[in-house]
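Trainee: According to our numbering, the residues represented by the sequence shown are 102 to 283, in order.
Each residue gets a CB set at the ideal place from its N, CA and C atoms; glycine is no exception.
Handing you this structure, nothing more for now.
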Amino acid sequence: MGKRFEQTGARRVGIYGKQYRYACPNVRCDAVVEPVTRPIRDHIDLTLPGRRFRDGRANCRKYTPYRPETRRKVTIGLERFHGEPFIAILRNHCTVQSLDEPIGAITAEGNHHLLVKPSRRRTVDDCEVQMISLRTKARAQRFPDTHAFQGPTTADLTRQVGNAVPVNAASWLAARLQPSLN
């Protein structure tokens with residue numbers, strides 16, 4: 102599978118689906134090939150309760166409001182997704198993504214994905230929010246629920262999921278390497 106850019110001679114970076122697409126490496130075939138992924142919605146339990154945005158960040162000893170940048174991202178998501186739940190991405194220059202897309206990069210650094218469930222009033226303060234759980238991140242990386250991560254702290258477990266190659270990609274690679282190892 103290789104990238105085919107819409108404009109020849111243009112920079113070799115861009116937005117998937119707009120400036121480039123994945124294509125079969127056989128030049129005669131050149132068929133569009135979609136990466137095998139699943140939407141994050143398949144991995145999230147939307148029935149689990151969250152906290153109201155106005156109640157501030159969880160796991161703090163005293164009230165700690167969310168940062169203004171987080172509020173801005175939730176506002177963008179409310180406008181973009183019209184009352185549907187979405188993910189606010191809390192790092193760098195990312196904003197929000199639909200639950201119908203695969204989750205963005207899961208890093209070893211920590212919690213960057215905030216699940217936002219809008220209220221009927223659709224105000225930022227009334228939204229129900231929760232960080233994506235470690236188990237949900239593991240499911241997004243295609244680990245089975247029976248997989249037991251080992252480590253003394255939550256940070257150690259988060260690093261294992263964040264540094265992981267998705268299981269389906271690792272399985273594909275191992276299947277191709279196996280004949281040379283026999």
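(1) DSSP state of residue 113, grouped into three classes?
(2) How is the alpha helix (DSSP H) around residue 262 delimited, first residue to last?
(3) Exposed or buried, residue 189, counting other C-beta atoms within 10 Å across all chains shown (16 or more means buried)?
(4) Output needed for residue 228: all residues of its chain with C-beta closer than 8 Å, excluding positions within five of it in sequence on either side, in chain order.
(5) Mapping the DSSP letters down to three states, classify residue 188 as helix, strand or coil.
(6) Could you tell me which residues DSSP pairs with residue 197 in its beta bridges?
(7) Using a Cβ-Cβ cut-off of 8 Å (strictly less than) and excluding sequence neighbours within five positions of residue 202, which residues of its own chain qualify?
(8) Please list the terminal residues of the continuous beta strand (DSSP E) segment that includes residue 242.
(9) My output table needs one value for residue 216: the three-state DSSP class, helix, strand or coil.
(10) Three or more C-beta pairs under 8 Å: does that hold for the stretch 160-171 against the stretch 240-258?
(11) Between residue 268 and residue 236, what straight-line distance do the alpha-carbon atoms span, to the nearest angstrom?
(12) Kindly list the residues whose CB is nearer than 7 Å to the CB of residue 198, restricted to its own chain and excluding five residues on each side of it in sequence; keep chain order.
(13) Kindly give me the distance between the Cβ atoms of residue 262 and residue 207, rounded to whole angstroms, as I take these residues to be in contact under 8 Å.
(14) With residue 264 and residue 232 assumed to form a contact (beta carbons below 8 Å), what rounded beta-carbon distance in angstroms separates them?
(15) Can you look up residue 134 in the DSSP assignment and give me helix, strand or coil?
(16) The beta strand (DSSP E) with residue 180 in it runs from where to where?
(17) Cβ of residue 228 within 7 Å of any heavy atom in the ligand NAD?
Mentor: Quick look at the numbers:
(1) Note that residue 113 scores a pLDDT of 48, beneath 50, so its modelled location is shaky; the value from the coordinates is reported in the next line. Three-state DSSP puts residue 113 in coil, outside helix and strand.
(2) 255-263
(3) buried
(4) 153, 154, 175, 179, 217, 218, 219 and 220
(5) strand
(6) 189
(7) 140 and 141
(8) Residue 242 -> no beta strand (DSSP E), and no H or E assigned at all.
(9) strand
(10) no
(11) 14 Å
(12) 187, 188, 190 and 205
(13) 6 Å
(14) Contact doesn't hold; Cβ gap of about 19 Å is too wide.
(15) coil
(16) Taken as a continuous stretch (DSSP letters only), residue 180 belongs to no beta strand (DSSP E), being part of the alpha helix (DSSP H) at 169-182.
(17) The ligand NAD is absent from the structure shown, which contains no ligands of any kind.
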